[in-house]
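Student: The structure's right below; bear with me while I get my questions together.
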Amino acid sequence: MRLEENLSAAHLRLDGVHIENLAWTDCITRYDRAHTFFYCDPPYWETEGYGVPFEFDQYIRMAELASTVKGKVMISLNDHPDIRRVFADLYIEKVDIEYSLGNRHGSGAQRGELIITNYDPHNGTGGLF
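If you count the sequence shown from 1, position 4 lands on 10 in my numbering, and the numbers rise without skipping.
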């Protein structure tokens, strides 16, 4: 009975959502509209374990697109000087995140993460939340 409720809730939540299997640049270009919200979660710069090539020029392209699209963009990335430099023309906010996944001792590791947007999330009109 609970599974049926969960599926029904998921169905309602995802109604109207588009899921694509495209390169991220193609997806943004195809769906860019004033009412579109893009959340980008690229691999963290200079970290291991993603198994997907993501060269630095893609971060540069992401910053360029975020600065020029009609829609709103939110990007989460690790706090790294190179990332701060590339996205310097956008709104950058540092947040502290506690990662507990894979930690056998119960206490998570604290890391700085950047939330980067092409709108001011604190001005009362640009934020989505």
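Glycine included, every Cβ here is placed at the ideal spot set by N, Cα and C.
Note that the structure is a prediction, hence the values are computed from the model and not measured.
Which residues in the same chain as residue 100 place their Cβ atom closer than 7 Å to its Cβ, once the five residues preceding and following it in sequence are excluded?
Tutor: Excluding positions up to five away in sequence, the list reads 85, 118, 120.
Student: Along the beta strand (DSSP E) that carries residue 25, what are the first and last residues, could you check?
Tutor: From DSSP, residue 25 is part of no beta strand (DSSP E); its letter is neither H nor E.
Student: Can you tell which of 71, 98, 22 has the C-alpha that lies nearest to the C-alpha of residue 35?
Tutor: Taking only the C-alpha atoms, the option nearest residue 35 is 71.
Student: Please state whether the Cβ-Cβ distance between residue 82 and residue 47 is less than 8 Å.
Tutor: Yes; because the gap between Cβ atoms is below 8 Å, this pair is in contact.
Student: CB-CB under 8 Å to residue 97, same chain, minus the five flanking residues each way: which ones, in chain order?
Tutor: The residues are 122, 123, 124, 125, 126, 127.
Student: Does DSSP put residue 125 in a helix, in a strand, or in coil?
Tutor: Here residue 125 sits in coil by DSSP.
Student: With H, G and I counted as helix, E and B as strand and the rest as coil, what does DSSP make of residue 92?
Tutor: In this structure, residue 92 counts as helix in the three-state DSSP scheme.
Student: In whole angstroms, what is the alpha-carbon distance linking residue 87 and residue 59?
Tutor: One C-alpha to the other measures close to 20 Å.
Student: Assuming residue 40 contacts residue 77 under a Cβ cut-off of 8 Å, what Cβ separation, rounded to an integer in Å, is found between them?
Tutor: Between residue 77 and residue 40 the Cβ distance is about 7 Å, and since that is below 8 Å, they are a contact.
Student: Compute the Euclidean distance between the alpha carbons of residue 66 and residue 10, then round it to the nearest angstrom.
Tutor: Roughly 44 Å between the two C-alpha positions.
Student: Pick helix, strand or coil for residue 65, following the three-state DSSP scheme.
Tutor: DSSP places residue 65 in helix when its eight states are reduced to three.
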